[in-house]
Amino acid sequence: MPTDQSLLLVLVLVAAVAVGWLLRAFQARKPQTPAPGLSDDYFRGLNYLLNEEPDKAVEVFIRMIEVDSETVETHFALASLFRRRGEVDRAIRIHQNLIARPNLSRPHRLQALYELGDDYMRAGLFDRAETLFNELSESGAHVGPALRQLMAIYEQQRDWEQAIATAQRLELVDGRSQQRVIAHYWCELAAVASSAGQQRRAMQLARKAQGADPSSPRAGILTGELLEETGDPAAALRAYHGVIEHDPAFAGEVLPSIAQCFSKLGDRDGFDRFLVELRQSKPATAPYVAMAAFHEPSLRSREILGFISQYLKTRGQGLARLLDRLVEQRSLEPEMEVDSARELVRLLLEDHPRYLCGECGLPSNTLYWQCPSCRAWSSVKPHVDPPYAPSASALPEGTGRR
Ligand SMILES: [Zn+2]
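The sequence shown runs -16 to 385 under our numbering.
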């Protein structure tokens, strides 16, 4: 059922169209030829709309176009209204009817083709949408938007090679770099190869991702993981280090892997040395390391305590003093100190999402490389800044990377 708001929208739209039509009628024609038949149809259609009989309204408006091609814009506006009300089938009907008209101007025909493609996307009819957007991308009109829609289709179909080719075409059309997104496409292909046991090919693809976007945390993490799998923890360490160099916000993401690499290398003090150096050279990593210590209980190095203490100071001197007193009073074993500190971080962050989308604000406990809500790439990042308003129950289930 439509809401009051959507009815209001109908009224506003129809009133605007009516005023526009009447103005045109009075300006363009002599006063003695007001085209009364069109006007009657128009208000009959309006009446059907307001009485919630949209199918009859569509019939009337479709008949109108056969009377006067000046009403093409009215049809676009009505189709757009139906689409916004979620009635995509009616929008499809209107756009198909427009395209079928032999005397429709070329610009209007191309616009109707684009809109119909958009209808098909919303209806989940990706094959039909793909055909239309391919036709448009060859036509020279709406090329950029059509290529973007094609990218969305290939993402949906997980056809990453087509997605890369389309993104490269889009770069040529609008001159704006798509390399950040293309790097994600290469990473997707690398992940497919890796899960098929083709580690060498996966590594080549991960390198292509790094070539497309050298600062991509995903490409860096993937390269590190592949190097670990091939038994080269020293090279993996360099890859993980590169991730932190490019974006300190991902320090917490690679920290457990870094600890693991030092352990594989048999370098027991290496992780502590790494942490001391990291804290000095990249103080911006403190909140992310503190977060990682809270989420990853396997991180038990005493040097973590320094990061947590530094993070707590940014949340108020009282918290840092509380931590100092806890440590003093209990004269704890090093590992228990970290546990006490972790407990304080838990009190601060318990109800907070681990990640947040910078585009749409979606909270999650999973690091999505493409936001499942707004479909933006690289927009979801580790979240460390309280306060956070929505309740924890708003979080999607699950943890991990996707
Ligand atoms: Zn989002």
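Every residue gets a Cβ at the ideal spot worked out from N, C-alpha and C, and that includes glycine.
If you're wondering where the values come from, they're calculated on a predicted model, not measured in any experiment.
Quiz item: Under the criterion of a Cβ to heavy atom distance below 6 Å, does Glu342 qualify as lining ligand 1?
Solution: Walking along the sequence shown from the start, residue 342 turns up at place 359. Flag set: Cβ of Glu342 near ligand 1.
Quiz item: Pick from Thr297, Arg298 and Tyr271: whose alpha carbon is nearest that of Arg337?
Solution: If you number the sequence shown from 1, residue 337 lands on position 354. Among Thr297, Arg298 and Tyr271, the Cα nearest to that of Arg337 is on Tyr271.
Practice problem: Give me the Cα-Cα distance between Leu378 and Trp360, rounded to the nearest whole angstrom. | Solution: Taking the sequence shown and counting its residues from 1, one reaches residue 378 at position 395. Taking the sequence shown and counting its residues from 1, one reaches residue 360 at position 377. Here Leu378 scores only 47 on pLDDT, less than 50, and its place in the model should not be relied on; the value that follows carries that caveat. So the alpha carbons of these two residues sit roughly 19 Å apart.
Quiz item: If we count the other Cβ atoms within 10 Å of its Cβ and call it buried at 16 or more, is Ala324 buried or exposed?
Solution: Here residue 324 corresponds to residue number 341 of the sequence shown, with the count starting at 1. Label assigned to Ala324: buried.
Quiz item: Which same chain residues, not among the five before or five after Lys13, have their C-beta less than 7 Å away from its C-beta?
Solution: Counting from one through the sequence shown, the residue named residue 13 turns up at place 30. With a pLDDT of only 41 at Lys13, under 50, the local geometry of the prediction cannot be trusted, and the value read off the model is given with reservation. Contacts found: none.
Quiz prompt | Identity of the residue in Thr268, Arg141 and Asp101 nearest Pro128 by Cα | solution = Position 145 of the sequence shown holds residue 128. Among Thr268, Arg141 and Asp101, the Cα nearest to that of Pro128 belongs to Asp101.
Exercise. In angstroms with no decimal places, state the Cα-to-Cα distance between Pro365 and Phe109.
Key: Here residue 365 corresponds to residue number 382 of the sequence shown, with the count starting at 1. Here residue 109 corresponds to residue number 126 of the sequence shown, with the count starting at 1. Distance between the alpha carbons of Pro365 and Phe109 is about 33 Å.
Quiz item: Under the rule that 16 or more other beta-carbon atoms within 10 Å means buried, what is Ala83, buried or exposed?
Solution: Here residue 83 corresponds to residue number 100 of the sequence shown, with the count starting at 1. Exposed.
Quiz item: Under a Cβ-count criterion, where at least 16 other Cβ atoms within 10 Å of its own Cβ denotes burial, should Pro266 be classed as buried or exposed?
Solution: As a position in the sequence shown, residue 266 is number 283, starting the count at 1. Burial call: exposed.
Quiz prompt | Ser361 Cβ short of 6 Å to ligand 1 heavy atom set | solution = To locate residue 361, count along the sequence shown from 1; it is residue 378. No.
Self-check item: Spatial distance of Glu286 from Gly344 (CA atoms)
Solution: Position 303 of the sequence shown holds residue 286. Position 361 of the sequence shown holds residue 344. Going by the C-alpha atoms only, they are around 33 Å apart.
Quiz item: Are the beta-carbon atoms belonging to Ile136 and Glu113 less than 7 Å from one another?
Solution: For this step, residue 136 is matched to residue 153 along the sequence shown. For this step, residue 113 is matched to residue 130 along the sequence shown. Yes.
Quiz item: Count the other CB atoms within 10 Å of the CB of Pro231; is the residue buried (16 or more) or exposed (fewer)?
Solution: The residue given as residue 231 occupies position 248 in the sequence shown. Buried.
Practice problem: For Ala345, verify whether its CB is less than 6 Å away from any heavy atom of ligand 1. | Solution: Numbered from its first residue, the sequence shown carries residue 345 at position 362. The question names Ala, but residue 345 in the sequence shown is Leu. Under cutoff, so the answer is yes.
Exercise. Report yes if the C-beta distance between Ala388 and Glu211 is below 7 Å; otherwise report no.
Key: No information on residue 388 is available, as it lies outside the stretch -16 to 385 that the chain covers here.
Quiz item: In angstroms, rounded to a whole number, what distance separates the CA positions of Tyr223 and Gly203?
Solution: Here the question's residue 223 lines up with position 240 in the sequence shown. Here the question's residue 203 lines up with position 220 in the sequence shown. Cα to Cα, the separation comes out at about 6 Å.
Self-check item: Cβ-based burial, Leu32 [other Cβ within 10 Å; buried from 16]
Solution: In the sequence shown, counting from the first residue as 1, residue 32 sits at position 49. By the neighbour-count rule (16 or more Cβ atoms within 10 Å), Leu32 is buried.
Quiz item: Between Pro346 and Leu339, what straight-line distance do the alpha-carbon atoms span, to the nearest angstrom?
Solution: Residue numbering aside, residue 346 sits at position 363 when the sequence shown is read from its first letter. Residue numbering aside, residue 339 sits at position 356 when the sequence shown is read from its first letter. So the two alpha carbons sit approximately 5 Å from each other.
Practice problem: Determine the contact status of Pro200 and Val226, defining contact as a CB-CB distance below 7 Å. | Solution: Here residue 200 is taken as the residue at index 217 of the sequence shown, counted from 1. Here residue 226 is taken as the residue at index 243 of the sequence shown, counted from 1. In contact: Pro200 and Val226 (Cβ atoms closer than 7 Å).
Practice problem: Report yes if the C-beta distance between Ala275 and Gly249 is below 7 Å; otherwise report no. | Solution: If you number the sequence shown from 1, residue 275 lands on position 292. If you number the sequence shown from 1, residue 249 lands on position 266. Against a cut-off of 7 Å, the Cβ pair of Gly249 and Ala275 comes out as no contact.
Exercise. Could you check the C-alpha separation between Phe245 and Gln162 for me, to the nearest Å?
Key: By 1-based counting over the sequence shown, the position of residue 245 is 262. By 1-based counting over the sequence shown, the position of residue 162 is 179. Roughly 33 Å between the two C-alpha positions.
Quiz item: Can you find a heavy atom of ligand 1 that lies under 6 Å from the Cβ of Cys354?
Solution: Position 371 of the sequence shown, counting from 1, holds the residue named residue 354. True, at least one ligand heavy atom lies under 6 Å from that Cβ.
Quiz item: Whose C-alpha, out of Glu121, Ala148, Asp255 and Ala269, is nearest the C-alpha of Ser292?
Solution: If you number the sequence shown from 1, residue 292 lands on position 309. When only C-alpha atoms are compared, the closest one is Ala269.
Quiz prompt | Per DSSP, cross-strand counterpart(s) of Cys340 | solution = The residue you call residue 340 lines up with position 357 of the sequence shown. DSSP output for Cys340 lists Val363 as bridge partner(s).
Exercise. Kindly examine ligand 1 and report whether one of its heavy atoms sits closer than 6 Å to the Cβ of Cys357.
Key: Along the sequence shown, one-based indexing puts residue 357 at 374. Answer for Cys357: yes, Cβ within range of ligand 1.
Quiz item: In this structure, does DSSP put Ser347 in helix, strand or coil?
Solution: Residue 347 sits at position 364 when you count from the first residue of the sequence shown. Strand, per DSSP.
Quiz item: Of the choices Leu99, Gln145, Asn86 and Ile165, whose alpha-carbon is the least far from that of Ala62?
Solution: Indexing the sequence shown from 1 puts residue 62 at position 79. The residue with the shortest Cα to Cα distance from Ala62 is Leu99.
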